[in-house]
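In the working numbering, the protein residues as written are 1 to 602.
All residues carry an ideal CB built from backbone N, CA and C; glycine is no exception.
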């Protein structure tokens, strides 16, 4: 495993070195027109390589940490296993090797970072050169202005179509809003009529219940008054009977006392009278017992009447409590009904708002769809223009390559002519060595030939950098290259300056074409972003429709709930009527019992 780790580290270092060499080779070609793309790709590759290198170093460090942990565990188990010493040594060696490899990798990483810094400095220099070339972009401003004018015309036409569609949508919106307002008014009238009818019916039933309650209260007061009168009569009778009993007891005591006195005073001849008196006393005792039995029966009847009155009061209290509970439930239900009505109004309002929002979103959807169609057409036009520009650019590059090949052929011909000229000069030198004038002329010819060769080499280098030209210009350059054989160095310099001017114009044209390509690409990206935005807005329409359906379901559920509450209210009203009937029956029963008890007592 350690060998694999070391091999991976060495492979990563070799790969990083190869990539750095390749990157340095690409940076050396930074004078070409695609400098920015090469720089961006190189930076991305350098960053990816750096991340990969850091990841591999981190993996190596984790593996080193794992190996150190294994070494520690093996050292802890050394006391138990004597055979693990060789394994520990091997692990230590592996760890030392891996650490050495890590140190080497860190050194190589430092070297690579230094090279990366150098490459970044070179990139900054190339960027400065690029900034210098960007200043030449003002040549194609007229083309950009024409493109902008075309774009403004298309935008104006698009705006006119949008305004026309907005006007049509406004008329349709007004028509639908009028129809919706009429439907709302009809619904409001129907609801107000239903509410008025329900309110009138509720008021009538409340009045009836109040009248019944007043009648029940009046009958209850009458029963209480009769009960109080009966209680007063019973108390009065009880007092009368108690007084009679006390008088009879006093008379009895006096008669007993007199009897005793008479017994002591009267002789035996009066014994029959005493027996009569005893008989009278027995009869009086029996009468007293009868009166006490009557008193007990009256007291028991009085207690029963009091218990019945207490039960009637408890029933009355329970009935009053149930009546208050029913009234409170009625109030709660009325409050719930009012809340449900407010919720219904709110739901109707929210439903109308959602309908309006749906109509507006539908209109926006149509407008966005039209705009998306127009944008797609515009994007198609831009793509066609970009493809045309790419084809034109490819043609110009192909023509430039063919032009360069022709220039190379011309340069080869010039070199061959120069060699022939040098051979002729050498032959003339051999023939006319004795003549000094010919030697001077020969030296002048040689100097002119050397200057000619240097100028041809510079012309070759300048022609190798040429990137685009038409076929007619290639013919002109070919003719000039053949014409250069018989020209002086001044003519060569003039031709060189002309070629440099042509090269600069070609470079400016290439830069302007790249700028146009970049602007068209940016505009294409913007148009695609707008299309994506419109598509996202269109994708939101099903969600809005689902929300509208959910609101409709909630509205129908609220209407069903209101119907259920109305049914519960009707049931409670029926329960109240039943309770009032039962209360009336109980009161009648109590009145009959009280009357029967009073008749029985009388």
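{"Asked": "heavy atom of the ligand FMN below 8 Å from residue 542 C-beta", "Found": "No copy of the ligand FMN appears in this structure; indeed no ligand is present at all."}
{"Asked": "Reduced DSSP category for residue 587 - H, G, I as helix; E, B as strand; rest coil", "Found": "helix"}
{"Asked": "Exposed unless 16 or more other CB atoms sit within 10 angstroms - verdict on residue 112", "Found": "buried"}
{"Asked": "Exposure label - residue 56; buried when at least 16 CB within 10 Å", "Found": "buried"}
{"Asked": "Nearest residue (CA-CA) to residue 210, options 596, 593, 580 and 594", "Found": "580"}
{"Asked": "DSSP-derived helix/strand/coil call for residue 80", "Found": "coil"}
{"Asked": "Residue 232 - DSSP class collapsed to helix/strand/coil", "Found": "helix"}
{"Asked": "DSSP-derived helix/strand/coil call for residue 609", "Found": "Residue 609 lies beyond the range of the chain shown here (1 to 602); nothing can be said about it."}
{"Asked": "Cα-Cα separation between residue 539 and residue 524, rounded to whole angstroms", "Found": "22 Å"}
{"Asked": "Straight-line Cα distance separating residue 126 from residue 419", "Found": "40 Å"}
{"Asked": "Given residue 286 as reference, the closest of 191, 311, 245 and 261 once Cα atoms are compared", "Found": "245"}
{"Asked": "Supposed close pair residue 354, residue 548 - CB separation, criterion 8 Å", "Found": "5 Å"}
{"Asked": "Closest residue to residue 534 among 371, 240, 414 and 504 (Cα-Cα distance)", "Found": "371"}
{"Asked": "Whole-number beta carbon distance between residue 555 and residue 622, since they are thought to touch under 8 Å", "Found": "Given that the chain is displayed from residue 1 to residue 602, the structure contains no residue 622 and the question cannot be resolved."}
{"Asked": "Selection from 40, 77, 421 and 220 that minimises the alpha carbon distance to residue 120", "Found": "40"}
{"Asked": "Neighbourhood of residue 475 by C-beta distance below 8 Å, restricted to the same chain and skipping five residues each side", "Found": "Note that residue 475 scores 41 on pLDDT, short of 50, meaning its location in the model is unreliable; the coordinates nonetheless yield the value given after this. Around residue 475: no qualifying Cβ."}
{"Asked": "For residue 122, the nearest candidate out of 94, 282 and 43 (CA to CA)", "Found": "43"}
{"Asked": "Residue from 189, 105, 62 and 206 whose Cα sits closest to the Cα of residue 331", "Found": "206"}
{"Asked": "Same chain only: Cβ atoms within 8 Å of residue 218, ignoring 5 sequence neighbours per side", "Found": "none"}
{"Asked": "Beta-carbon gap between residue 577 and residue 223 smaller than 9 Å", "Found": "no"}
{"Asked": "Reference residue 325; option with closest CA among 572, 62 and 251", "Found": "572"}
{"Asked": "Cα-Cα separation between residue 589 and residue 253, rounded to whole angstroms", "Found": "47 Å"}
{"Asked": "Cβ neighbour criterion (16 or more within 10 Å) applied to residue 599", "Found": "exposed"}
{"Asked": "Beta carbon of residue 237 nearer than 9 Å to that of residue 597", "Found": "no"}
{"Asked": "Ordered list of beta strand (DSSP E) runs contained in the stretch 192–226, each at least 3 residues", "Found": "none"}
{"Asked": "Exposure label - residue 430; buried when at least 16 CB within 10 Å", "Found": "exposed"}
{"Asked": "Rounded distance between the beta-carbons of residue 587 and residue 216, thought under 8 Å", "Found": "7 Å"}
{"Asked": "CB contact flag (residue 248, residue 284, <9 Å)", "Found": "yes"}
{"Asked": "C-beta atoms of residue 157 and residue 350 nearer than 9 Å", "Found": "no"}
{"Asked": "Residue from 277, 131 and 104 whose Cα sits closest to the Cα of residue 257", "Found": "277"}
{"Asked": "Cβ-based neighbour list, residue 561, same chain, cut-off 8 Å, excluding 5 preceding and 5 following", "Found": "340"}
{"Asked": "Residue closest to residue 499, alpha-carbon to alpha-carbon, out of 542, 279, 160 and 403", "Found": "403"}
{"Asked": "Contact under 9 Å by Cβ, residue 558 with residue 343", "Found": "yes"}
{"Asked": "C-alpha distance - residue 542 paired with residue 567, whole-angstrom precision", "Found": "37 Å"}
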